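Encoded as structure tokens, the structure appears first; notes follow it.
Residue numbers (this note's numbering), protein chains in the order written: chain A, 57 to 107; chain B, 73 to 263.
Structure follows, in structure tokens:
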């Protein structure tokens, strides 16, 4: 699960390497979305700060 | 700024970003300083930001590619800022080794801000986007190596993350390489 963003970014770089720009950008968007979801799962502690 | 100069600057920027990821691997493998789950997400953020620079090198400079670099650096910066805020209060502890007095997540935040600043400044130069060529010229060895290394680091991080976390979510404090611990009964303990 945690390796999924890397997999998507690697696929995106592979797509860029083979001159498929739209596919590369699609993999990038998918990778960032997964990254944000994983951050949501892991950032569960409340920050001990007074703002 | 010409497209050629822009490509050269993007290539050096990507080399710098690759170096950050290589150093993170060196810290992990040489000093056995296993990355925490949030640290792994920060590595993803670096690759997301570097992706935009890699597209500039592969397809020629475009504002949308800088947009990817900026958004990748924003996401990575938010993640590293979250970790910095966890440990910013004196006595609240830290994670991992300090390098030159700062922990890796603090260096990551500084690096993400540098990527944001660099990409924003690069966007100011319009002439780089006015290429007369329908297709970008073939990459020279420096950009080619930088893009290839980024791809290699992405694949390396797939293997590393699978080894540390297995196929699920990572343990909050990784005690070793889970994949070996679970399958072979072997584990490196972080110091």
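We treat Cβ as the ideally placed atom computed from N, Cα and C, and that holds for glycine.
Since the model is a prediction, treat every value here as computed from it, not as a measurement.
Open item on the list: According to DSSP, simplified to helix, strand and coil, what is residue 89 of chain A?
Closed with: One-based indexing of the first chain puts residue 89 of chain A at position 33. Helix at residue 89 of chain A.
TODO: Can you tell me which of B:178, B:199, B:229 puts its alpha carbon nearest to the alpha carbon of residue 106 of chain B?
DONE: For the purposes of this step, residue 106 of chain B is taken as residue 34 along the second chain, with counting starting at 1. That would be B:229, whose Cα lies nearest to the Cα of residue 106 of chain B.
Task: Backbone CA spacing between residue 182 of chain B and residue 88 of chain A [nearest angstrom] - done: Residue mapping note: residue 182 of chain B aligns to position 110 of the second chain, counting from 1. Residue mapping note: residue 88 of chain A aligns to position 32 of the first chain, counting from 1. Taking the straight line joining both Cα atoms gives about 20 Å.
Open item on the list: Under 8 Å: do the region 196–205 of chain B and the region 130–148 of chain B share three or more Cβ pairs, one atom per stretch?
Closed with: yes
Open item on the list: Do residue 93 of chain B and residue 49 of chain B count as a contact pair if the criterion is CB distance below 8 Å?
Closed with: Since the first residue shown for chain B is 73 and the last is 263, residue 49 of chain B is missing from the structure and cannot be characterised.
TODO: Please check the pair residue 114 of chain B and residue 170 of chain B, which I expect to be a contact at CB under 8 Å, by giving their CB distance rounded to whole angstroms.
DONE: What you label residue 114 of chain B is simply residue 42 of the second chain in a count that begins at 1. What you label residue 170 of chain B is simply residue 98 of the second chain in a count that begins at 1. About 16 Å; that fails the 8 Å criterion.
- [ ] Compile a chain-ordered list of the residues in the region 177–193 of chain B whose CB is closer than 7 Å to at least one CB of chain A.
- [x] none
TODO: Along the alpha helix (DSSP H) that carries residue 67 of chain A, what are the first and last residues, could you check?
DONE: Taking the first chain and counting its residues from 1, one reaches residue 67 of chain A at position 11. Run containing residue 67 of chain A: 60–73, per the alpha helix (DSSP H) assignment.
- [ ] Pull out every residue of the region 84–99 of chain A whose Cβ sits closer than 7 Å to any Cβ of chain B, in chain order.
- [x] 84, 87, 88, 91, 92, 94, 95, 97, 98, 99
Open item on the list: By the DSSP assignment, the alpha helix (DSSP H) with residue 211 of chain B in it spans what residues?
Closed with: Stepping through the second chain from its first residue, residue 211 of chain B is reached at position 139. Taken as a continuous stretch (DSSP letters only), residue 211 of chain B belongs to no alpha helix (DSSP H), as it is neither H nor E.
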